[in-house]
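Just below is one structure, and these are the notes that go with it.
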Amino acid sequence: MRTSFAYLFAIAVVSTTVGAAPNNVCHVDSTPGVCISTADCSKLGGTSHSSTDLCADSAGSECCVFVDADNDNEHVARACAPPRVNSATISLIKEFEGFVKSPSPDPIGLPTVGFGHLCKSKGCAEVPYKFPLTEANAGKLLQTDIKSFTKCVSDNIKDAVKLNANQFGALSSWAFNVGCGNVKASALVARLNRGEKPNTVAAEELPKWRLAGGKVLKGLVRRRAAEVKLFKTASSAIAHPPKCG
Numbered sequence: 008m009r010t011s012f013a014y015l016f017a018i019a020v021v022s023t024t025v026g027a028a029p030n031n032v033c034h035v036d037s038t039p040g041v042c043i044s045t046a047d048c049s050k051l052g053g054t055s056h057s058s059t060d061l062c063a064d065s066a067g068s069e070c071c072v073f074v075d076a077d078n079d080n081e082h083v084a085r086a087c088a089p090p091r092v093n094s095a096t097i098s099l100i101k102e103f104e105g106f107v108k109s110p111s112p113d114p115i116g117l118p119t120v121g122f123g124h125l126c127k128s129k130g131c132a133e134v135p136y137k138f139p140l141t142e143a144n145a146g147k148l149l150q151t152d153i154k155s156f157t158k159c160v161s162d163n164i165k166d167a168v169k170l171n172a173n174q175f176g177a178l179s180s181w182a183f184n185v186g187c188g189n190v191k192a193s194a195l196v197a198r199l200n201r202g203e204k205p206n207t208v209a210a211e212e213l214p215k216w217r218l219a220g221g222k223v224l225k226g227l228v229r230r231r232a233a234e235v236k237l238f239k240t241a242s243s244a245i246a247h248p249p250k251c252g
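For the sequence shown, position 34 (counting from the first letter as 1) is numbered 41 according to the numbering used here, and the numbering increases by one without interruption.
Structural data, given as structure tokens:
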């Protein structure tokens, strides 16, 4: 598995924030996106990529990706940084990503290392640790990788939506797995931002992200179930909206 750095590009059944029909996940040069129309992509602030191979199963759609100038899948400037995810979230991600000591292909052929770090360069040269990785260094790499996804979740969910540490962590794990572009275009985020009950939204929307290559993957089914369970676990720690200072 992986994310922007290590996320399995799950092809999930979802509805976009602009009301489009359920679409497939796609990717362009390892950047995650979602198959929607060019017009809808423009409305969401994404960039369309036309190729018969990217969205072959979604007639009339193109692969829409969301990448900012820093190429880190962050979208909305926010003065206050989100908190670090809690230990329960890190444990969940580690469990489902698995530990890989040296760069090797993930289930869809993308080179990954550590706990789902997607290699950005040949031989994962950007990784500041020697291979084979120790689990300790892989954990440090994960802590670095997860930051862009916690920011993605924080930036795309309105401050009016209150999330505790477990809820925020569950969504960060999901974002790490499917990519920020898909988070932004998801019905899950749209429903939260409309003020629907978070536990209901998570229980109904997270399980939809269970497909890869058009097939249901048992690992994704288990991961989504674990994320829903974490999301519904009570916590007094508030993680969203983020606090300044």
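Note that the Cβ used here is the ideal one computed from N, Cα and C, for glycine as well. It should be emphasised that the depicted structure is a prediction, and the values quoted were computed from it without experimental measurement.
Minimum C-alpha distance to residue i - residue among the options
| i | options | result |
| --- | --- | --- |
| Gly220 | Pro114, Val72 and Ile43 | Pro114 |
| His247 | Lys204, Asn173, Val235 and Ala210 | Asn173 |
| Pro89 | Val196, Arg201, Ala233 and Ile153 | Ile153 |
| Leu99 | Pro249, Arg231, Lys250 and Cys251 | Arg231 |
| Ile245 | Ser57, Glu102, Leu170 and Ile97 | Leu170 |
Residue j beta carbon less than 8 Å from that of residue i
| i | j | result |
| --- | --- | --- |
| Phe156 | Ala194 | no |
| Ser161 | Val92 | no |
| Ala209 | Ala233 | no |
| Glu212 | Arg198 | yes |
| Cys126 | Pro118 | yes |
| Pro214 | Val235 | yes |
| Phe106 | Ala145 | yes |
Rounded distance between the beta-carbons of residue j and residue i, thought under 8 Å
| i | j | result |
| --- | --- | --- |
| Trp216 | Val185 | 6 Å |
| Gly121 | Leu148 | 5 Å |
| Leu227 | Ala95 | Not a contact, Cβ separation roughly 19 Å. |
| Cys87 | Cys62 | Rounded, the Cβ-Cβ distance is 36 Å, inconsistent with contact. |
Residues near residue i by beta carbon distance below 6 Å, same chain, minus five either side
| i | result |
| --- | --- |
| Ala241 | none |
| Cys71 | Gly40, Val41, Ile43, Cys48, Gly53 and Ser55 |
| Ser109 | Phe138 and Pro139 |
| Phe175 | Ala246 and His247 |
Residues near residue i in its chain [Cβ-Cβ closer than 8 Å; skip 5 each side]
| i | result |
| --- | --- |
| Gly67 | Ser44 |
| Pro249 | Arg85, Cys87, Ala88, Pro89, Pro90 and Ser161 |
| Gln150 | Arg91 and Ile97 |
Residue burial classification, residue i (beta-carbon count within 10 angstroms, cutoff 16)
| i | result |
| --- | --- |
| Pro112 | exposed |
| Ser243 | exposed |
| Val223 | exposed |
| Asn206 | exposed |
| Gly130 | exposed |
| Lys204 | exposed |
| Glu104 | buried |
| Gly116 | exposed |
| Cys251 | exposed |
| Glu69 | buried |
Chain B contact for residue i (CB, 8 Å cutoff)
| i | result |
| --- | --- |
| Ala219 | Structure shown: chain B not included; a single protein chain is present. |
Cβ neighbours of residue i in the same chain (closer than 7 Å, five flanking residues each side left out)
| i | result |
| --- | --- |
| Glu133 | Lys127 |
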